[in-house]
Structure formats: C-alpha cells, structure tokens
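Q: Just passing along the structure, written as structure tokens.
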Amino acid sequence: MSTEGQLDTVQMMVNMGPQHPSTHGVFRMVLWVDGERIVDMEPHIGYLHRGAEKLCEGEIYAQIVTLFDRLDYIGNFNNELVYCMAVEKLMALEVPERAEYIRVIMCELNRVASHLLFFGTFGIDAGAMTPIMYAFRDREKVQALFEAVSGARMMHNYIRIGGVKNDVPEDFRERMDKLIAELKQGIDEGDRLLSFSEIFLARTKGIGLIDAETAISYGMSGPSLRASGVPMDVRKDEPYSVYDRFDFGIPIGEKGDSWDRYYVRVEEMRQSIRIIEQALEQMPDGPVATPVRILIRPPAGEVYVRSENPRGEIGVYLVSNGADKPYRVKVRPPSFCNLMALKHLLRDAYVADAVVILGSLDLVLGEVDR
Amino acid sequence: MELTVGSGNQEPRSMLNRSAPGIITARSEQLIAMARKNSLWPMTFGLACCAIEMMSTYMAHHDLDRFGIVTWPSPRQSDVMIVAGTVVKKMAEPIKILYEQMPEPKWVIAMGSCATNGGPYYRSYSVVMGVDHIIPVDVYVPGCPPRPEALIDGIMKLQDKIMQDAKERGRKA
Amino acid sequence: MAERHSREETPRAPVALDDRSRALELILPKILAEFQPAIGATVNLVEVTVKPQDVPSLCRLVKEDSQLSFDYLLCLCVVDYLDYLQVVYHLYSTTMKYKMVLKANVTMDEPSLPSVMPVWPGADWFEREAHDLFGVVFEGHPNMAPLILYEGFEGYPGRKSYEMPEYTEW
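Protein chains in written order, with numbering that gives the first Met the number 0: chain S, 0 to 369; chain W, 0 to 172; chain L, 0 to 169.
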C-alpha cells in the first residue's frame, strides 16, 4: 500500500511457529503483514496428529474410552460421554438413572473447569497476568473433587459403556455444596476483575467479528457460534442424557466479537452451576451401571451421535461390523471447524489482535489434529 | 589441636581461616552448579495434555516459582526444555531446531509417557516413540499425565543431577 | 483386524428413528426424485445414497430448498470398505432441525468426486484430511496440500491396507 511521496512498502512474512507462547498448543500460523496489518494468513496444523482414529480400529470398545479422553484434553468427561452414548445407542442399552445424573454433574463440572482455563489463558493473551492465578485456584478445587470421584485429576476413564465406573464417595453431597459455593464466589471475583476492565475492553471489543450466516457456513459451533447470535446448543435442540429435566438458559451474544465470545463462556459457567444444583437435588439412588461384559460385540450398523463439548459440538460416527473392534470411528471435533473460520476472522486485524482472536476461539489442538 | 567437649561447628584451623576468618571456600564448579540449579528457566513448550498439568504446576497451588523457575518463551535464554506431550513426526524437526537454539548448558526433561516412549500412541504411524530418539534426555517423569508433585520430583532430581555432575567433573579435572 | 462377517451371521442394530427423522423420510423422495437416490436408514438417521457426480448439485438443492434447508455440514468422512471407498456427509438444518446422512461410493483405483466447497466453505479441511488419509481426490478444491500429515508421507494411513507399524526407530 503506497501513495505518492511515501515509501514503497513490501509485505513481510511472519511465522508464528509451532512453538509460541500464545498459540495454545502446536499450531502454526504464517502471516503476511503490511506494517502491522495482516494481509493474508495460512494456518498449518498436524503437529499433534497422533492417528487416534486409526488406533481405535485396533482396540476393543472398552479400551477406546482412554483414547477419547486424550482428544480434547481439557473436557475429558464430555468426550467419554459422547463415545459411550454412541456405543449404547448402537447396542440399544439402557443406562440407569443415577448413572445419568452422575454423568451430567461430572460433565457440567468439567465445563466449568474448561471455561476457567479459557478465562485464565484468554486473560494472558490480552495481557492480564492475574486472572490465570484465580482461574487455576478454582480449577485445583474442581480437580480435587474429580480425583475423589474417579481417581485421577485428568484422563479419568470414568464414564464407561453402560454407566459409570463406580459410585460417588459418601461425602459427595457436602463436598459438592462447598465446592459450588466456592465456585460461585470465584467466578464472580474473576468476572469483576477482568470482564469490564477498560484495557480488556479495548483489546477485545470489536475485534474478530463474524456474523451468524458466515459462522454457520463454516460449521462453527458452541460458544463461538452463540456469540454471533445463533441459539444453537445440542443440549436444547436434541437433549441427550437427562438434560431435558433441567431448567437452564443459553447465553447468546450480540455482535460476534471476541468480547462476546468471552462473556458467553463466563455466563455459561453460571448456567452450568445451575444445572449441577438441580441435578444434585434430583439425583435418585440405584445402580450406577448396567452390567456389560468387557468384550462386547455390538450389532452391525452405524450411528452418529452429537453432544455439547465446552468447545462446541462434538460428534462421533461409529461404524461396526459385528466384531469386537470397531470398523471405523470418526470424530467430528468442534475446534477443527472453529479453526477453519480463522482466516475470515483475521481479515483486517493487527498482528497483536491475531493472538487475541485465536485465544477467543478456545482451541485445543489435541482435538483439531486427533 | 584442642578438643572441647560439647562444641560442634569449630572452624578448621587452617592458614586461610587464621588469616581471613569468616570466609567459606568451595570449588567454583559447585558454586556455579548451585546457582544454575536454583534458577532453571524452562522454555514454554507444552505440546499436548501434559502441558495442562505443567501449567497447574507453575500456578499458585503447587508453586514452581519458589524453586526459581520462571517460564521463558524464547529458547535463546532458557536452560531447560520440558517436553510435555506427544512428539509427532511432523514436529520432530522443530524440536531439534529448538534444542539446537538453546545455549549450553542445557537439560531436557521428558514429561509424561508419550515423551518417554510413545505412551498410549506407541503403535501409531505418526508418533515418534519417545523424544530421546531426537534429543538427549536427562530426566524421565512417568505418568499419563504425571501429577504436579511428580513433575516437581523430576525437577528436584534434575537439580540433584546438576550438582552431582559438577562434583564429578571437578574431581575428574 | 477387519474381518468381514457374512450378513446372515452378524445381527444388525435395529433402526430407531425419532419423529423428526421419520417426517424427513416421508418428504425426501419427492424432493430428490431427479437424482434417483437409494433412501434408507441407519440406526438413528435417514441415509441417502447417490452417484458421486451428483453430490454437489444434490447438496445445493437440499441447502436451498425451503422445506429442508440443510445449511450446516456436520461432518465429512471416508470409510474404507475394501472393494470401494465410501464418502459420507452428515448434514444438519439449523432451522428445521433435520439430520441426514449422504453417501457416495467411489472406486479404489480412481477415487475422485467433485468438491462441495462451493456449497459449504466448512468442507475445506474435511476434504483435505480425507485426501491425506484415504487418497480421495476432490475435484475443484482450491488447495489440496497435506493438512495433518507431513510433506513426503508415503501411503494412505486411513485405508485398511495400511499396516499398523510395530516399534520403529526414528
């Protein structure tokens, strides 16, 4: 871009390589910049492609839960849930009520933990160094509860085909009440700290706009899509598990900029806590799993199941031919589709805004590359 | 030499002590190693799931700042590379380039079972079975993912290794 | 690893469509009559099988038809059935809340079919990944560079004929 009497400029290629403090994992972006404005952009993924889908064809159905744990490594329970739902649908298996309620409580707690991590890392992307400390303080409390219930802080392998692995501990209700009170306070503190701070607003308002129709055509989902004004949530459109028994809202944004994508997630945390409170009230007694053999051979057929991950809509396409190992497992990851819209989002941004926009999409590269 | 009962830390009666009392001496390698081990600066290099546990270790609950550890984004000014996550063949070359960009002395901690030997993906077509095929590793921390306490244990073992290496090098020289 | 059981031995999962899918199954044959599709059902979705060359025009039709309005591409994947490759499209309508599966079979020797990027830009990376893993060529796609495998990777790892490696040195 040069005018009469000014210097001739040339575009420079800047590589935000696989190792970068703010690319949230091994993601490589090649930017062509003119001064500070981004002119063109090319994303490169595949630096974490572990071949999980092919590995699934060599493992029995019960072993695949561990592979799904590690796909979106921040929302572990949600991944396990969608896979177990797919197998249960194929086998037409009924899951006991208590197991469904435990699954919902764990998945919603996981959603809160995942959004807390987003809150912290998005603060770091925008330049705020304190929110991540608050976020991890609350996350440690949630992870301590996960450890009490399932035995591990991450990678729980707890939701199994037919139910859950074991019942919750005896003091579960007291621990949950205490945890919910602390989480409510923690979320409010973080909200007061960051959401309406002037510097944060200047860095995120109006940055990375995307309108509803473009977002749908790219296949975006989850909070990134709801921030553009589209009321699409699998828990409301096609309720799975026992989500139709709870009364909760879905936060919708207005403009589709980075601040909307951030604030939708903060409000979602509050709605998740509402769901958890209702589930704790309604949880019945009973068995926690339908007895299922370890080596199962589901009938031949194929099924596609969707569920709501903290990042968006995750889908599992499972093809079985009657053997003890699946014929084909395909995962439709939410971050993969959200990332496709990055080029559209970065069309007129500054280089410094590229980091904020990438952070606002809340990606997990383990899911993008599988 | 006088022996007084009940007295512990006596200053040795050497010429240095008689001429310049109140000064400690040690070999320079040990002092330098003590300085290095107490301010290890790792490069922020989280690849996959272990990165989340690594971040948890840095934060307030299992604070790593009290060990002198500050994460530093640039490889040119960092001492230690904590490889946290699965090493994929496409990523092998960037890892080698980053390792070569770090100045001496440098150490590598392989965190998690994927960096140790491929982990749950050991039969995959696109995974390097352990980061020690590419770069030399000093400490292996097992687990999937290792608890923050396990990572702290690994870092403390690295600190012991740094001191031990300094002692042995001094003796050999 | 992939054993083919004969159809008589293996039980098939029962079809259990919900109300919306049943309503969709009734209106589809009339709208898609010109393509002469084979309409059936998987366990929970209506499935439509067409010839590979008809895929983009059928996709455009179902996107623009006001009764269907399938404006959202959920997933695009390829399944290797040893004699042929099957390209599977999962479609969703945000307004009418219908879901559908669209399938097209291509041969192993020359697996190619037209790209659906003009209809849904969100098919971009799905097609590149299918090309990387299975070798299916999507005609009309602007950029078929490898997406998730490194440059110079030999073979198509998604196919059943690709052997899973034992412990290898690097």
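We put the beta carbon where it would ideally sit given N, CA and C, even for glycine.
Starting from residue 157 of chain S, find everything on chain W with Cβ-Cβ shorter than 9 angstroms and list it in chain order.
A: What you label residue 157 of chain S is simply residue 158 of the first sequence in a count that begins at 1. The premise fails here: residue 157 of chain S is roughly 15 angstroms from chain W at the closest Cβ pair, so nothing lies under 9 angstroms.
Q: Just verifying my parser: in three-state terms, what is the DSSP assignment at residue 88 of chain L?
A: As a working mapping, residue 88 of chain L is identified with position 89 in the third sequence. Residue 88 of chain L falls in the strand class under three-state DSSP.
Q: Can you tell me whether DSSP reads residue 324 of chain S as helix, strand or coil?
A: By 1-based counting over the first sequence, the position of residue 324 of chain S is 325. Here residue 324 of chain S sits in coil by DSSP.
Q: Restricting to runs no shorter than 3 residues, where is the beta strand (DSSP E) found entirely within the region 221-257 of chain S?
A: Counting whole runs of 3 or more residues, the region 221-257 of chain S contains no beta strand (DSSP E) stretch at all.
Q: From residue 33 of chain S to residue 229 of chain S, what distance separates their C-alpha atoms?
A: Indexing the first sequence from 1 puts residue 33 of chain S at position 34. Indexing the first sequence from 1 puts residue 229 of chain S at position 230. Using only the alpha carbons, I get a separation of about 34 angstroms.
Q: Could you spell out where the alpha helix (DSSP H) holding residue 86 of chain S opens and where it closes?
A: Here residue 86 of chain S refers to the residue found at position 87 of the first sequence. Its alpha helix (DSSP H) spans residues 75-90.
Q: With a threshold of 16 other CB atoms inside 10 Å of the CB of residue 83 of chain L, please say whether the residue is buried or exposed.
A: Reading the third sequence from its first residue, position 84 is the one you call residue 83 of chain L. When all chains shown are included, residue 83 of chain L counts as exposed.
Q: Does residue 257 of chain S pass the burial test, meaning 16 or more other C-beta atoms within 10 Å, or should it be called exposed?
A: Within the first sequence, numbered from 1, the residue matching residue 257 of chain S stands at position 258. Buried.
Q: Which partner residues of residue 33 of chain S appear in the DSSP bridge assignment?
A: The residue given as residue 33 of chain S occupies position 34 in the first sequence. Note: residue 33 of chain S sits in a beta bridge opposite S:36.
Q: Quick check: the region 24-33 of chain S against the region 134-148 of chain L, are at least 3 beta-carbon pairs closer than 8 angstroms?
A: Cβ pair count under 8 angstroms is below three, so no.
Q: Which of the residues in the region 211-239 of chain S, read from start to end, lie with their CB under 9 angstroms from any CB of chain L?
A: Per Cβ criterion, the list reads 212, 213, 215, 216, 217, 218, 219, 220, 229, 231, 236 and 237.
Q: Measuring CA to CA, which of S:365, S:313, S:351 and S:350 is closest to residue 83 of chain S?
A: What you label residue 83 of chain S is simply residue 84 of the first sequence in a count that begins at 1. It is S:313 whose Cα lies nearest to the Cα of residue 83 of chain S.
Q: To test your reading of the DSSP string, which unbroken alpha helix (DSSP H) runs of 4 or more residues are found completely within the region 116-158 of chain W?
A: Fully enclosed alpha helix (DSSP H) runs of 4 or longer: not present.
Q: Can you check whether the C-beta of residue 112 of chain W is within less than 9 angstroms of a C-beta belonging to chain L?
A: Working through the second sequence from its first residue, we reach residue 112 of chain W at position 113. Taking Cβ atoms only, chain L never reaches closer than 9 angstroms to residue 112 of chain W, which makes this a no.
Q: Measuring alpha carbon to alpha carbon, tell me which residue in W:61, W:19, W:141 and W:72 is nearest residue 43 of chain W.
A: Your numbering for residue 43 of chain W matches position 44 in the second sequence. Of the candidates W:61, W:19, W:141 and W:72, the one whose C-alpha sits nearest the C-alpha of residue 43 of chain W is W:72.
Q: List, in order along the chain, the chain L residues whose C-beta lies closer than 8 angstroms to that of residue 48 of chain S?
A: Position 49 of the first sequence, counting from 1, holds the residue named residue 48 of chain S. Correct list: 147 and 148.
Q: Does the distance from the C-beta atom of residue 154 of chain S to that of residue 68 of chain S stay below 9 angstroms?
A: Stepping through the first sequence from its first residue, residue 154 of chain S is reached at position 155. Stepping through the first sequence from its first residue, residue 68 of chain S is reached at position 69. Contact: yes.
Q: Who are the neighbours of residue 174 of chain S on chain L, taking C-beta pairs under 9 angstroms?
A: Taking the first sequence and counting its residues from 1, one reaches residue 174 of chain S at position 175. Result: empty, since nearest Cβ-Cβ is about 37 angstroms, beyond 9 angstroms.
Q: Can you tell which of S:19, S:58 and S:66 has its C-alpha closest to the C-alpha of residue 48 of chain W?
A: Position 49 of the second sequence, counted from the first residue, corresponds to residue 48 of chain W. Comparing Cα-Cα distances from residue 48 of chain W to each of S:19, S:58 and S:66, the minimum goes to S:66.
Q: If we define contact as Cβ-Cβ less than 9 angstroms, is residue 163 of chain L a contact residue for chain S?
A: Numbered from 1 along the third sequence, position 164 holds the residue referred to as residue 163 of chain L. So, interface residue.
Q: Closest to residue 364 of chain S by C-alpha separation, out of S:91, S:53, S:333 and S:218, would be which residue?
A: If you number the first sequence from 1, residue 364 of chain S lands on position 365. The shortest C-alpha separation from residue 364 of chain S is found at S:333.
Q: Give the interface partners of residue 58 of chain W over in chain S, defined as CB-CB distance under 9 angstroms, in chain order.
A: Mapped onto the second sequence, residue 58 of chain W falls at position 59. Residues of chain S passing the Cβ test: 119, 131, 132, 134, 135, 136, 138 and 139.
Q: State the DSSP-derived secondary structure class of residue 161 of chain S, mapped to helix, strand or coil.
A: Reading the first sequence from its first residue, position 162 is the one you call residue 161 of chain S. It is coil, neither helix nor strand.
Q: Would you call residue 337 of chain S buried or exposed, if buried means 16 or more other Cβ atoms sit within 10 Å of its Cβ?
A: For the purposes of this step, residue 337 of chain S is taken as the residue at position 338 of the first sequence. The residue is buried, with at least 16 neighbouring Cβ atoms inside 10 Å.
Q: For chain W, find out if any of its Cβ atoms is closer than 9 angstroms to the Cβ of residue 148 of chain S; answer yes or no.
A: Counting from one through the first sequence, the residue named residue 148 of chain S turns up at place 149. With 9 angstroms as the cut-off, residue 148 of chain S does not count as an interface residue toward chain W.
Q: Apart from the five residues on each side of it in sequence, which residues of its chain come closer than 7 angstroms, Cβ to Cβ, to residue 200 of chain S?
A: Position 201 of the first sequence holds residue 200 of chain S. Counting only Cβ-Cβ distances below 7 angstroms, and skipping sequence neighbours, we find 258.
Q: Kindly list the residues whose CB is nearer than 7 angstroms to the CB of residue 153 of chain L, restricted to its own chain and excluding five residues on each side of it in sequence; keep chain order.
A: Working through the third sequence from its first residue, we reach residue 153 of chain L at position 154. Answer for residue 153 of chain L: no residue qualifies.
Q: Return the residue from the list W:46, W:103, W:110 and W:24 that minimises the CA-CA distance to residue 144 of chain W.
A: Looking up residue 144 of chain W in the second sequence gives position 145. That would be W:110, whose Cα lies nearest to the Cα of residue 144 of chain W.
Q: First and last residue of the alpha helix (DSSP H) that includes residue 30 of chain W?
A: Along the second sequence, one-based indexing puts residue 30 of chain W at 31. From DSSP, the alpha helix (DSSP H) with residue 30 of chain W extends over 27-36.
Q: Which residues does DSSP list as the beta-bridge partners of residue 11 of chain L?
A: Sequence index remark: in the third sequence, residue 11 of chain L carries index 12 (1-based). Partner(s): S:299.
Q: I want to see whether chain S comes within less than 9 angstroms of residue 43 of chain L, judged by CB atoms only; does it?
A: Here residue 43 of chain L is taken as the residue at index 44 of the third sequence, counted from 1. At least one chain S Cβ lies under 9 angstroms of residue 43 of chain L.
Q: Got a sec: which bits of the region 3-23 of chain S sit with their beta carbon under 8 angstroms from any beta carbon on chain W, in order along the chain?
A: From the region 3-23 of chain S, only 16, 17, 18, 19 and 20 have a Cβ closer than 8 angstroms to chain W.
Q: Taking contact to mean at least 3 C-beta pairs separated by less than 8 angstroms, is the region 8-23 of chain S in contact with the region 352-366 of chain S?
A: Enough Cβ pairs lie closer than 8 angstroms, so yes.
Q: Tell me residue 104 of chain L's beta-bridge partners as DSSP assigns them.
A: One-based indexing of the third sequence puts residue 104 of chain L at position 105. For residue 104 of chain L, which the question treats as bridged, DSSP gives the partners L:85.
Q: With a CB to CB cut of under 7 angstroms and the five nearest residues on each side skipped, what residues in its chain are close to residue 85 of chain W?
A: Within the second sequence, the letter at position 86 stands for residue 85 of chain W. Excluding residues within five positions, the ones whose Cβ falls inside 7 angstroms are 46, 47, 113, 118, 120 and 126.
Q: So, for residue 44 of chain S: in the same chain, excluding its five sequence neighbours on each side, which residues have a beta-carbon less than 8 angstroms away from its beta-carbon?
A: On the first sequence, position 45 is the one that residue 44 of chain S refers to. For residue 44 of chain S, where only same-chain residues beyond five positions count, the Cβ hits under 8 angstroms are 26, 27, 338, 364, 367 and 368.
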